[in-house]
Each structure stands twice: as C-alpha cells, then as structure tokens.
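Chemist: Below is a structure I'd like to ask you about.
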Amino acid sequence: MSTSIIVYTQQSCGHCHRQMEWMNKKHIPFEERDLSKEDFRNEFLDLEGKGTPLTLLKSKNTSEIITGFNEKMLAKRLLLD
Numbered sequence: 000m001s002t003s004i005i006v007y008t009q010q011s012c013g014h015c016h017r018q019m020e021w022m023n024k025k026h027i028p029f030e031e032r033d034l035s036k037e038d039f040r041n042e043f044l045d046l047e048g049k050g051t052p053l054t055l056l057k058s059k060n061t062s063e064i065i066t067g068f069n070e071k072m073l074a075k076r077l078l079l080d
C-alpha cells in the first residue's frame with residue numbers, strides 16, 4: 000500500500016476504538032496519534048480537525064482527511080471493496 004495512514008484519536012472515543020479494531024482486523028497498517036500528546040494535538044488543530052477519529056490518508060501527490068469512523072468510505076479509499 001503506497002498510502003500512509005495516520006489516525007488521530009482520543010482515549011475516550013468509542014468510534015476511534017471501533018475504527019482501529021476494524022483496521023487491525025483488515026490488516027491495514029496505520030499510525031495512531033493520541034491527542035493527549037501536545038504535539039499530536041497541535042497537528043490535529045493544524046489540520047482543522049473537528050472530531051475524532053480523524054484519519055489522514057497521505058500518498059505521494061495527495062492527502063485526504065476523513066472525519067469519524069466511516070467504514071464504507073475508508074474501504075473505498077483504500078480499495079478494499
């Protein structure tokens with residue numbers, strides 16, 4: 000997969016945990032960035048994040064943000080369907 004995936008999360012976010020469980024089950028590699036860490040929170044704010052999970056899909060020439068756990072959109076963007 001040539002897309003890197005960063006998932007911004009909060010410990011109290013049930014949707015964050017469900018998304019990460021889904022991604023692990025599908026063997027989708029990702030990096031979790033917990034907003035309790037100031038550096039990650041600042042990145043999230045720079046991305047104008049409004050809620051979690053916030054998923055950043057980065058490829059060589061593009062990037063896309065998906066807010067919330069949207070299984071269908073993630074599967075489509077990652078060509079899983």
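So the sequence shown is residues 0 to 80, counted in numbering that gives the first Met the number 0.
Backbone N, C-alpha and C fix where the C-beta goes; we use that ideal spot for every residue, glycine too.
Note that the structure is a prediction, hence the values are computed from the model and not measured.
Can you name the residues that DSSP bridges to aspartate 33?
Modeler: In the DSSP output, where bridge partners are listed per residue, aspartate 33 has Thr8.
Chemist: Thinking serine 1 and serine 58 are a contact (beta carbons under 8 Å), I'd like their distance in whole angstroms, please.
Modeler: Going by Cβ atoms, the distance from serine 1 to serine 58 rounds to 6 Å, so yes, they are a contact pair.
Chemist: Would you mind reading off the limits of the alpha helix (DSSP H) that contains glutamate 20?
Modeler: Start and end: 13-24.
Chemist: Taking all protein chains shown into account, do 16 or more other C-beta atoms lie within 10 angstroms of the C-beta of methionine 22, making it buried, or fewer, making it exposed?
Modeler: Buried: at least 16 other Cβ atoms inside 10 Å.
Chemist: Bridge partners of lysine 57, per DSSP?
Modeler: According to DSSP, which records beta bridges pairwise, lysine 57 is partnered with Ser3 and Ser62.
Chemist: Relative to the C-alpha of leucine 53, which residue among Leu34, Leu78, Leu79 and Asp38 is closest?
Modeler: Nearest option by C-alpha distance: Leu34.
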